[in-house]
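Counted from 1, the sequence shown has number 199 at position 199 by UniProt numbering; the numbering is strictly sequential.
Just so you know, even glycine gets a beta-carbon here, dropped at the ideal spot from N, CA and C.
Each remark here refers to the structure printed beneath this line.
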Amino acid sequence: MENVMILFNETSGKDKGKELAEQFVDYAKNHGQADTRFLLEQVGPDCDSQKIVEKSKLEKIDTLIFIGGDGTINHNVADFKEELPHLKVGLLPGGTVNNMARVLEIPLKFEAAADVILGGVTRKIDYGMINQKVIVSTMTIGILADTAARISQKEKQKYGKLIFVKNFFKLLAKKKRYRLEIKTEKEQWQGKTQLVTVTMTNSVGGYTNFDDSASPDDGLFHLTILPKLNFFKLAFYLPKIILGKVYEIPDVKYMTAAEISIKSSNEKKIGTRVDGDPSEDLPVEMTVIKHGLTVFVPEQKK
C-alpha cells in the first residue's frame, strides 16, 4: 500500500466511521506503514461521490478501505466500479450485520480486521449488477424485504438482529404472497411465493451457513424460492437450514445462474431489498461481475 483512501459513513452502524478511520491511520503507521499516504473521505447521500472518485485518480490511490456494513460496501463499490480493476479493497466492519465481512472471515474486532488489511493477502470475489445498481451480497423479495423495510436505522442500532426476527414472524402470520416470473440462462419458474432470496455467498443476514454450495467467487447467483412458509415447516426443516442445505428442502425451488430476470405477473408494485437497503422495483435484470473485486482477507491456514 502506497496511497490509501479511507471511506467512512457516519450514518452506518454505531456512527463511529470517522473515529475508526483515524484509528486505522494511527494503527497502520505504528505497524509498518509509516511511509504510506492516507486520505480520509466521508461518503454518503450528502457527499459528491464523483468528486471523491476523481480525487482518488488524481492522488493515484491504489487501496480503498471501506468502513461500515454491507450497505456501505455496496454504495462504495457502485461509486468506484469503473476503477476497481486497479484497486485493492480493505474492509473494516462497522455496520449492524456485516454479512460480507463474515463471509470472508474478516474479524469484526477493529485491530484484528486492521491486521488482515496490513497482512496484504487478497482474494478476487464477485459482485453483481441489478439493473443499473450494485449487489455485493444479498437481494430479497417478499417477506424478508418487507421485514427489513419496517425497521428503522435506530432500531437496527439498538436491537441488532433480534428486531429482524421479531418482525419476520409478525409478517409470516399474514401469509402475503407475490406472483412472479423468474428466468435464468438455463431455466424459468412462474408462480406465487412468499420469499425470493438471491445470494452471492453462503450467508444471509449474518447467518454464514445458509447455503453451503455458494462461495463469493464462483461467478454465480444462488436463487432460492420459497412458495409458502409456515411455522411448522420451518421447524421441521430447521436441521437442513442449520446445515446450510436449504436447496434440499422439498418445497424450495433452487437455481444457480450468472444472469437472472425477475418480473411481477401483475401490475402490483413490488420492491427489492439489496444488501440491507431498498433498491430497484420489479422488473429487474441481474448479472454477475465475476472476480470484479479484490479484497484483503485473512491468510488461509495450511
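Exercise. For V284, which of helix, strand or coil comes out of DSSP?
Worked result: Looking at V284 - three-state DSSP - the assignment turns out to be strand.
Exercise. By a C-beta neighbour count over all protein chains shown, 10 Å radius and 16 as the cutoff for buried, is L58 buried or exposed?
Worked result: exposed
For this session: Within the same chain, show all residues whose beta-carbon is closer than 8 angstroms to that of S215, passing over the 5 residues directly before and after it, in chain order.
Result: T201 and N202
For this session: List the DSSP bridge partners of N3.
Result: R37
Exercise. So, are the CB atoms of I61 and N3 less than 8 angstroms apart?
Worked result: yes
Exercise. Where does A214 fall in DSSP's three states?
Worked result: coil
Exercise. In terms of alpha-carbon separation, which member of D212, D126 and K133 lies closest to A258?
Worked result: D126
Exercise. At which residue ranges does the region 65-109 contain complete alpha helix (DSSP H) runs of 4 or more residues, listed in the order of the chain?
Worked result: Counting only runs of at least 4 residues, the region 65-109 fully encloses the following alpha helix (DSSP H) elements, listed from N- to C-terminal order: 70-80 and 99-103.
For this session: Let me know if R179 comes out buried or exposed under the rule of 16 or more other beta-carbons within 10 Å of its beta-carbon.
Result: exposed
Exercise. Nearest CA to the CA of F221: which residue from L39, S137 and P85?
Worked result: For the set L39, S137 and P85, the Cα lying nearest the Cα of F221 is the one of S137.
For this session: May I have the straight-line CA-CA distance separating Q23 from G44, to the nearest angstrom?
Result: 20 angstroms
Problem set entry | Spatial distance of L87 from E105 (CA atoms) | Taken atom to atom, the span from the alpha-carbon of L87 to that of E105 is near 21 angstroms.
Exercise. For V97 versus D70, is the C-beta distance shorter than 8 angstroms?
Worked result: yes
Exercise. Is it the case that the Cβ atoms of R102 and V295 are separated by a distance below 8 angstroms?
Worked result: no
Problem set entry | Whole-number beta carbon distance between K263 and L282, since they are thought to touch under 8 angstroms | The Cβ separation is near 5 angstroms, so the contact holds.
Problem set entry | Residue range of the unbroken beta strand (DSSP E) whose run includes Q188 | Q188 to T193
Problem set entry | CB-CB length for E181 against S265, believed under 8 angstroms | At roughly 6 angstroms, the Cβ-Cβ gap stays under 8 angstroms, so E181 and S265 are in contact.
Exercise. With G94 and L20 assumed to form a contact (beta carbons below 8 angstroms), what rounded beta-carbon distance in angstroms separates them?
Worked result: 6 angstroms
Problem set entry | Contact under 8 angstroms by Cβ, E10 with Q42 | yes
For this session: Keeping to the same chain, check which residues put their C-beta closer than 6 angstroms to that of I260; ignore five residues upstream and five downstream.
Result: When the five nearest sequence neighbours on each side are left out, the beta carbons in the same chain lying within less than 6 angstroms of the beta carbon of I260 are those of T184, F221 and M286, in order along the chain.
For this session: Would you list the residues sitting across from Y254 in a DSSP beta bridge?
Result: T224
For this session: Confirm, please, whether the CB-CB distance from D218 to N74 is below 8 angstroms.
Result: no
Exercise. Within 10 angstroms of its Cβ, does L223 collect 16 or more other Cβ (buried), or is it exposed?
Worked result: buried
Exercise. When DSSP labels each residue in this structure, what does S261 get in the three-state scheme?
Worked result: strand
For this session: Take F210 as the anchor and find which of G119, T272, N99 and T193 has the nearest alpha-carbon.
Result: N99
Exercise. What is the C-beta distance between F80 and L64, in whole angstroms, given that I count them as a contact (C-beta under 8 angstroms)?
Worked result: 7 angstroms
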